[in-house]
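Student: In this note's numbering, each residue's number is its place in the sequence shown (first place is 1) plus 59.
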Amino acid sequence: MDRNLLRVIYGDMRDAAALRRAIDSSKPDEVYNLAAQSDVGISFMCPEEAAEINYYGLGRLVHAVLDSGLQPKIYQASTSEMFGSSKPPQNEKTPFKPVSPYGIAKLRAYEDFVVGYRKKYSKLFICSGFLFNHESPRRGEHFVTRKITISLAKIKLGLQESFSLGNLDALRDWGYAPDYVQAMWMMLQQKTPKDYVIGTGKQHSVRHFVEAAASALNMQVEWKGKGLKEVGMVGDKVVLTINKKFYRPVEVNSLCGDPSKARREISWKPSLTFPELVELMAKSDLVQLQREQKMFS
Ligand code: F7E
């Protein structure tokens, strides 16, 4: 990659002056605010941090833009977590009922600085995508999808015996992250700022993700027991146990995006199916681990 294409500017969402300097020195045409305390489980333990980054951070960024006198288009990363306990399928008209500090901070940021400031400052172009879970081989290992694919790949290679999860029955709408980045860009190419739900329209349980990832690695998981005593077996080996520390104090049980508006107005559609996404992630972890094994053997 041409190094001159990318310039990293040091900054922090807690530091208004740093954000102003970043805007002034880069003079952007488009600003994508993807900065977040993004781990829903951790937001229950650090709610102040969630508010500081996810709510006040956006306020500082928007003010840095307004004060600069420049008029870049701004994309704010909103999230399906804002729908919380509202019934699926969720679309742009679904009521927001967040249940986590993460979801609450994101909702307040959306209401105040996207919807509110769009009314207050007529020249401000700011819009938001309500993105459902988006995954790829680059996903952090503490999110459930990557935790599952890397753990099963290690088990397959004999590098690990087992791993633990929390709620296996939570339902999520998982799509391929690059498609979601494309959607963000498409939103900023519009003449007027509008907000869109981005998701695949299909939901699967965490349990189903485990089964699909195992199957992509030629393993078959069988479930035995119930509740905290449930285990996942491959042959006669226990590869998965349940640990209540991975349960959330309050869970969002069922998310499934209805992306009809995005399909209609910006021609967005997902490029990978659920089995394709799971296979891509599982095989990528397997290949990477095999490469590391070779390197260190
Ligand atoms: O959890 C359950 C967990 O942490 C998914 C973020 O990018 O997407 C993400 O939020 C589900 C939950 O993602 C474990 O209880 C079971 O029901 O992968 P996750 P998330 O909370 O849905 C949204 C759209 C965002 O905006 C967020 O920033 O899986 N689950 N066992 C587990 N989850 C984790 N992390 N670890 C477990 O062991």
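Idealized CB from N, CA, C, for every residue including glycine.
#1: Is Y69 helix, strand or coil when you go by DSSP?
#2: For S85, does the count of other Cβ atoms within 10 angstroms reach 16, so buried, or fall short, so exposed?
#3: Quick one: does the C-beta of G116 sit closer than 7 Å to a heavy atom of the ligand F7E?
#4: Reducing DSSP to helix, strand and coil, say where N192 ends up.
#5: If you follow the beta strand (DSSP E) that V311 is part of, which residue opens it and which one closes it?
#6: Verify the contact flag: T138, CB atom, against every heavy atom of the ligand F7E, threshold strictly below 7 Å.
#7: Could you check the C-alpha separation between A271 and K250 for me, to the nearest Å?
#8: Would you say A229 touches the ligand F7E, meaning its beta carbon is less than 7 Å from a heavy atom?
#9: Looking at I185 and V357, is the spacing between their C-beta atoms short of 8 Å?
#10: Just checking K146 against the ligand F7E - is the residue's beta carbon closer than 7 Å to any of the ligand's heavy atoms?
#11: Return the first residue and the last residue of the alpha helix (DSSP H) that Y176 is part of.
#12: Would you check if the distance between the CB atom of W327 and the CB atom of M243 is smaller than 8 Å?
#13: Distance, Cα to Cα, R307 vs A81?
#14: From what residue to what residue does the alpha helix (DSSP H) around W244 run?
Tutor: Looking at the coordinates:
#1: As a working note, residue 69 is residue 10 in the sequence shown. Y69: coil per DSSP, three-state reduction.
#2: Residue 85 sits at position 26 when you count from the first residue of the sequence shown. Counting Cβ neighbours within 10 Å, S85 comes out exposed, since fewer than 16 surround it.
#3: Position 57 of the sequence shown, counting from 1, holds the residue named residue 116. For the ligand F7E, not one heavy atom lies less than 7 Å from the Cβ of G116.
#4: The count along the sequence shown starts at 1 and reaches residue 192 at position 133. Three-state DSSP puts N192 in coil, outside helix and strand.
#5: Translated into the one-based positions of the sequence shown, residue 311 becomes position 252. No beta strand (DSSP E) contains V311, which DSSP labels as neither H nor E.
#6: As a position in the sequence shown, residue 138 is number 79, starting the count at 1. Within the cutoff, so yes.
#7: Residue numbering aside, residue 271 sits at position 212 when the sequence shown is read from its first letter. Residue numbering aside, residue 250 sits at position 191 when the sequence shown is read from its first letter. Whole-angstrom Cα-Cα distance: 41 Å.
#8: For the purposes of this step, residue 229 is taken as the residue at position 170 of the sequence shown. Result yes, Cβ under 7 Å from the ligand F7E.
#9: Nothing can be reported for residue 357: it is not among the residues displayed for the chain, which extend from 60 to 356.
#10: Position 87 of the sequence shown, counted from the start, is the residue given in the question as residue 146. Not under cutoff, so the answer is no.
#11: The residue you call residue 176 lines up with position 117 of the sequence shown. That run of the alpha helix (DSSP H) goes Y176 to K179.
#12: By 1-based counting over the sequence shown, the position of residue 327 is 268. By 1-based counting over the sequence shown, the position of residue 243 is 184. Cβ distance not < 8 Å, so W327 and M243 don't count as in contact.
#13: Your numbering for residue 307 matches position 248 in the sequence shown. Your numbering for residue 81 matches position 22 in the sequence shown. When rounded, the distance between both Cα atoms is 36 Å.
#14: Here the question's residue 244 lines up with position 185 in the sequence shown. Note, W244: alpha helix (DSSP H), A236 to L247.
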